[in-house]
Amino acid sequence: MQFGIMESVISIAADFGRHGLLTHEIRSRIGELENEVEAAGRMATVLPGERRDSAGDAGARDHVETGWRLVLESAPLDSHSYGVTYGGPFEEVSARVMPSGPAQTGPGPARPGWELPGRLTALVHRVLTGRGPASRAERSVEQAAARLGVLALTLLTLQDAEARQHLDIATRVRVDRNAAKALEEREAHANLLLSLPAVGEALRIMYRPPLPERLAHKPRPGEEDAEEYASYERSLEAWEDLDFGRMRLFRFGTTSVILSAHLRDGVPSRSAHPLVLKCVLLPYAQVPAISQATFSYQQDYSPWTDSPDAKESLTSTVEVYASACTWILMEQAAGRTLHDVLTEDYPRPADDRPTLEGVVPRPLLEPEVRPQFGLLPRVVPPLLKALDELHTANLCHADLNPRNIVVEAPPPGDAGEWRMRFIDLGRNHLQGRSFTGTQRMDELYAAPELRAGEKPDAHADLYSLGQIIIGTCGIDRNPDGTAPDAFYAVTPTLARLVEDLIDPAPERRLLLFPEVGVLVGRHDPRGNSPHQRLQAVFEREFEALVTAEGGALEDEQRRWVRAVRLLAPMAGSPRRQLRLGTCRRRQMVASPEPERRLLDRSVKQADWLTAWSWLSGTMWLVCLVTVVPLSLHDLGVPIPLPDMIGAAQRASTGADRLAARMTGLTFALCAVKYYQSIYAGLSSRWPGKPPTLGRPGLVAEFWVRANALIVGLLVVPINLFAPRMWTLGSAVGITSAFCVNHFGYRYALRGAAQAHEAGIGTVAQPKNINGLSKYAMWGPSMLIYVVIVWSFSALLVQGVLLDVIAYACVVSGINVGLFYVVKCSAGARDVRIGLTRCYLAAERLEACSADGRAAPSSADSLP
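Have a look at this one:
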């Protein structure tokens, strides 16, 4: 919904009738818009103008300027507040005051929903470019129209901010043609207004820095006021040096309009770079915190003001030349915002966007969204480098989000490095304020302590960094603020890092990476800063992810490759674990102390998981090479068998042998798929430490690993020596799988519940962990299956049931159809994600309980 600009002007103007600021000449001068004004006249509204005053003194002019300032300060901030203030939604108010004839839109073709900004722009343009006698009435009309132009510029900016407030890089898609056209029209209207000298002059008058009220009542400022008065004089001098006739739109902001600025002819330039003027919209400038932060912006974020050497070392911010309560004059940063770069150059593939349930269902075996992990090496290192410079200068951003990061990036496909600079430093004082009841996207990047009003520090920027990593990957965010599922889908390397950055508690950030977290704020013996160490951690974890995937990330793999791997018995897990272990060992050798000791644990953990993954795969292959030759022998293929095996085969019936082959092979297939697709990368134990959560972790670890062996130890001897025992083997096999499900779920549930109760904010409530909920539903079905298998086995052994083949076919069909395809293939990804979340929650809970890890001292904090 768009709010109407012309209606806003007419409605706001009603307030001026009570102040005597309205003249009939202004209304009669509006030619083509006279019908609308007359319609609004029934609501006692007209447009504001200069008051008739026979004296014509400065007091009258000040009264008029004060009135116009009230107009700008009273502008509705969005469509919701417009409807609340002016009696209904935009469409209803438009129907009351808009004429029935065709609309004139100014620059660009007419289009429904955008005629009102065009009308206002066209009105101002016609008034200020028309020719007539230079009478006082004519000057009054022109001055009113110029100030109306400033109001139009304000409303255009608010309109643009509302259109973009819910756009986020995490759900980026290509900008549709209508939205792009709307932006072009807003920019055209703004530049048409700024091209009028009278509008520039009105802007100069309306935003001219006033003398602080505390000093205005003093005949002469005292020594205690010297610094504040000097700051006022510097801002006033900088303001008067600007050429407002050459102002043009640079871009729309959220609470401000940013103009490309130029100095007046003859004024020496203080910078080799172009200038921009950030004008805070007057409705927002009435917030005292915003006004004060804007006034002190130069002093707060220009460390080179008193130290020329600092200017050379701090290149991650733009130079600020002057600031006042309503504006900031600064260097123009070359490039585009990170938000624009990602949304325009790296949109999420259209065929991977989530589809509407029941309308265009996604394929059963296809993930909803493929994360774009490949962008992370281009974004994270330069961002950490810029943060290193900023924090080293004892500054923090406090509002770090993609729209406040300017990127000098090569075109897509170019391997050149990105350079990042920060703009709009300082706390966003609008966080938590919502006029429409929905959260603005920039609030997602703000650390919880900032939203709670605490003093910002560099730990808040680390939280924002974690959220930027999530958004860069193009993954839909979780409503509870936890890391999205895609980070847990394959290997939890990046998930651990992201969780460590976005923990709501500042003292628990970087908890799992002590090489950064414990030493944070200090340079190590090699002279590396905390951010350089954090960059090394990121590069190490990303290398592990890429290496584990064989050099091709999930977003770079073809669909058929992912589908085949999804259905393969071992799903590529043994090779993935082997590559991960090899990578960890290489990283450990290349790392100095104390990182080497920490990586040694990771290497041993990787070796443990690799050994069991290969052991599980080996048991599957042993079952395969055992059952297949025996099956061929049963079919008459002359395969020689040892005497003992041959005698055992002859002593059993053909039905028992066929049942043993069918059930044994399908149980072995399900066992290897269950382990490799879900548990191959998970463990409740770490080398040199007891299992997390004590006995539950130990029991879960035992059954997870034991099940990888039990089925093979049953299938092979039964098929070789006792085919008649296939019923017992089936019952024991499904019971073992049930124990894995039961104890694995109980451990995961306990880890998530205890972590959530302990206040660890990276963990959702267990009921909100989708994969864990799905895993819980496996338990009842498997228990029923266990009871059925044991019952039928007993009846078959007792001779009550005689149709052995039918029973074996039912069991084999359930094994393949329900467990292998539906649960361990199509459903494995969600379950693995849920279990990985819970295992990491247990690890994080243990780390929080360790001495000296839960709350780093203030001496160890970032600057």
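Just so you know, we're using the UniProt record's numbering here: the sequence shown kicks off at 1 and counts up by one. We treat Cβ as the ideally placed atom computed from N, Cα and C, and that holds for glycine.
Between which residues of its own chain and residue 845 is the CB-CB distance below 7 Å, once the five residues before and five after are set aside?
In the sequence shown, residue 845 corresponds to position 845, counting from 1. Here the set comprises 751, 754, 755, 758 and 760.
Can you pull the DSSP bridge partners for residue 330?
Mapped onto the sequence shown, residue 330 falls at position 330. According to DSSP, which records beta bridges pairwise, residue 330 is partnered with 276 and 320.
What's the gap between the Cα of residue 465 and the Cα of residue 516?
Locating residue 465 in the sequence shown gives position 465, counting from the first residue. Locating residue 516 in the sequence shown gives position 516, counting from the first residue. Distance between the alpha carbons of residue 465 and residue 516 is about 15 Å.
Could you say which of 296, 709, 271 and 184 lies nearest to residue 234 if we only look at CA atoms?
Walking along the sequence shown from the start, residue 234 turns up at place 234. For residue 234, the nearest C-alpha among the options comes from 296.
Can you have a look at residue 269 and say buried or exposed, based on whether 16 or more other CB atoms are within 10 angstroms of its CB?
Taking the sequence shown and counting its residues from 1, the one referred to as residue 269 is at position 269. Under this definition residue 269 is an exposed residue.
Rounded to the nearest angstrom, what separates residue 367 and residue 326 at their Cα positions?
Taking the first residue of the sequence shown as position 1, residue 367 is located at position 367. Taking the first residue of the sequence shown as position 1, residue 326 is located at position 326. Its pLDDT being 46, under 50, residue 367 is placed unreliably by the model, and nothing is read from it.
Nearest to residue 539 by alpha carbon, out of 203, 475, 125 and 583?
For the purposes of this step, residue 539 is taken as residue 539 along the sequence shown, with counting starting at 1. It is 583.
Does the distance from the CB of residue 682 to the CB of residue 488 come in under 7 Å?
Taking the sequence shown and counting its residues from 1, one reaches residue 682 at position 682. Taking the sequence shown and counting its residues from 1, one reaches residue 488 at position 488. No Cβ-Cβ contact shorter than 7 Å links residue 682 with residue 488.
Under 7 Å Cβ to Cβ from residue 609, same chain only, skipping five residues before and after it: list those, please.
Within the sequence shown, numbered from 1, the residue matching residue 609 stands at position 609. Same-chain partners within the cutoff: 577, 680, 681 and 683.
To the nearest angstrom, how far is the alpha carbon of residue 77 from that of residue 403?
For this step, residue 77 is matched to residue 77 along the sequence shown. For this step, residue 403 is matched to residue 403 along the sequence shown. Cα to Cα, the separation comes out at about 20 Å.
Start and end of the alpha helix (DSSP H) containing residue 529?
Counted from its first residue, the sequence shown places residue 529 at position 529. Boundaries cannot be given for residue 529, as no alpha helix (DSSP H) includes it and DSSP labels it neither H nor E.
For residue 22, count the other beta carbons within 10 Å of its own beta carbon; 16 or more makes it buried, fewer makes it exposed. Which is it?
Against the sequence shown, residue 22 aligns to sequence position 22. Caution is warranted here: a pLDDT of 34 is assigned to residue 22, below 50, making its placement in the model unreliable, and the coordinate value is therefore given only provisionally. Under this definition residue 22 is a buried residue.
Could you check where the beta strand (DSSP E) with residue 406 kicks off and where it finishes?
In the sequence shown, residue 406 corresponds to position 406, counting from 1. Element bounds for residue 406: 405–408.
Assign residue 514 to one of two classes, buried (16 or more other C-beta atoms within 10 Å of its C-beta) or exposed (fewer than that).
Against the sequence shown, residue 514 aligns to sequence position 514. With 16 or more other Cβ atoms within 10 Å, it is buried.
How close, in whole Å, do the beta carbons of residue 664 and residue 627 come, if the pair is a contact with beta carbons under 8 Å?
Translated into the one-based positions of the sequence shown, residue 664 becomes position 664. Translated into the one-based positions of the sequence shown, residue 627 becomes position 627. Contact holds; Cβ gap of about 6 Å.
Run through DSSP, which three-state label would residue 251 get?
One-based indexing of the sequence shown puts residue 251 at position 251. Note: residue 251 maps to strand in three-state DSSP.
Does residue 21 come out as helix, strand or coil in the three-state DSSP assignment?
Position 21 of the sequence shown, counted from the first residue, corresponds to residue 21. Because residue 21 sits at a pLDDT of 34, beneath the cut-off of 50, its placement in the model cannot be relied upon, and the following sentence gives the value as read from the coordinates. Coil at residue 21, not helix or strand.
Bridge partners for residue 257 per DSSP, in chain order?
Locating residue 257 in the sequence shown gives position 257, counting from the first residue. In DSSP, residue 257 forms a bridge with 252 and 279.
Smallest Cα separation from residue 274: which of 286, 261 and 266?
As a working note, residue 274 is residue 274 in the sequence shown. Among 286, 261 and 266, the Cα nearest to that of residue 274 belongs to 261.
Could you give the residue range of the alpha helix (DSSP H) that holds residue 570?
One-based indexing of the sequence shown puts residue 570 at position 570. Careful: residue 570 lies outside any alpha helix (DSSP H) and carries neither H nor E.
Can the beta-carbon of residue 804 be found closer than 7 Å to that of residue 734?
Counting from 1 along the sequence shown, the entry for residue 804 is found at position 804. Counting from 1 along the sequence shown, the entry for residue 734 is found at position 734. For residue 804 and residue 734, no; Cβs fall outside 7 Å.
Between residue 506 and residue 449, how many whole angstroms is the CB-CB distance? I'm expecting something under 8 Å.
The residue labelled residue 506 in the question sits at position 506 within the sequence shown. The residue labelled residue 449 in the question sits at position 449 within the sequence shown. Right, the Cβ-Cβ distance comes to about 6 Å (below 8 Å), so this counts as a contact.
Around the C-beta of residue 471, are 16 or more other C-beta atoms found within 10 angstroms, so that it is buried, or is it exposed?
Position 471 of the sequence shown, counted from the first residue, corresponds to residue 471. So residue 471 ends up on the buried side.
What did DSSP end up calling residue 801 once you bin it into helix, strand or coil?
Reading the sequence shown from its first residue, position 801 is the one you call residue 801. In the structure shown, the three-state DSSP call for residue 801 is coil.
Which term fits residue 474, buried or exposed, when burial requires 16 or more other beta carbons within 10 angstroms of its beta carbon?
What you label residue 474 is simply residue 474 of the sequence shown in a count that begins at 1. Buried.
If residue 263 and residue 243 are in contact, beta carbons under 8 Å, what's the gap, nearest whole angstrom?
Sequence index remark: in the sequence shown, residue 263 carries index 263 (1-based). Sequence index remark: in the sequence shown, residue 243 carries index 243 (1-based). So it is a contact: roughly 6 Å between Cβ atoms.
Using a 10 Å radius around the Cβ and a threshold of 16 neighbouring Cβ atoms, would you call residue 495 buried or exposed?
Here residue 495 refers to the residue found at position 495 when the sequence shown is read from its first residue. Flag for residue 495 reads buried.
Going along the chain, which residues of its own chain have a beta-carbon closer than 6 Å to the beta-carbon of residue 869, five neighbours each way excluded?
The requested residue 869 is not part of the displayed model; the chain covers only 1 to 863.
Could you tell me whether the stretch 189–202 touches the stretch 140–154, where touching means 3 or more Cβ pairs closer than 8 Å?
Inter-segment contact for the stretch 189–202 and the stretch 140–154 is present: three or more beta-carbon pairs are separated by less than 8 Å.
Check whether the Cβ atoms of residue 580 and residue 611 lie closer than 7 Å to each other.
By 1-based counting over the sequence shown, the position of residue 580 is 580. By 1-based counting over the sequence shown, the position of residue 611 is 611. It is not a contact, given that the beta carbons lie outside the stated cut-off.
So, at 6 Å on beta carbons, what are the nonlocal neighbours of residue 293 in its own chain, with the 5 sequence-adjacent residues on each side left out?
Stepping through the sequence shown from its first residue, residue 293 is reached at position 293. Same-chain partners within the cutoff: 426.
In the stretch 746–803, which residue ranges form an unbroken beta strand (DSSP E) of at least 3 residues, counting only runs that do not cross its ends?
none
Below 8 Å on the Cβ atoms is my guess for residue 670 versus residue 815; work out the distance and round it to an integer in Å.
Sequence index remark: in the sequence shown, residue 670 carries index 670 (1-based). Sequence index remark: in the sequence shown, residue 815 carries index 815 (1-based). That belief holds up - the Cβ atoms of residue 670 and residue 815 are roughly 5 Å apart, short of 8 Å.
Which residues in the same chain have their Cβ closer than 7 Å to the Cβ of residue 388, if we skip the five residues on either side of it in sequence?
For the purposes of this step, residue 388 is identified with residue 388 of the sequence shown, where counting begins at 1. Same-chain partners within the cutoff: 529, 531 and 532.
Indicate whether the contact test is met: 3 or more Cβ pairs, each with one atom in the stretch 790–801 and one in the stretch 636–650, closer than 8 Å.
no
Just to confirm my understanding: we take residue 396, look at its own chain, exclude 5 residues before and 5 after, and list those with CB closer than 6 Å. What are they?
Locating residue 396 in the sequence shown gives position 396, where the first residue counts as 1. Excluding positions up to five away in sequence, the list reads 456, 457, 458 and 461.
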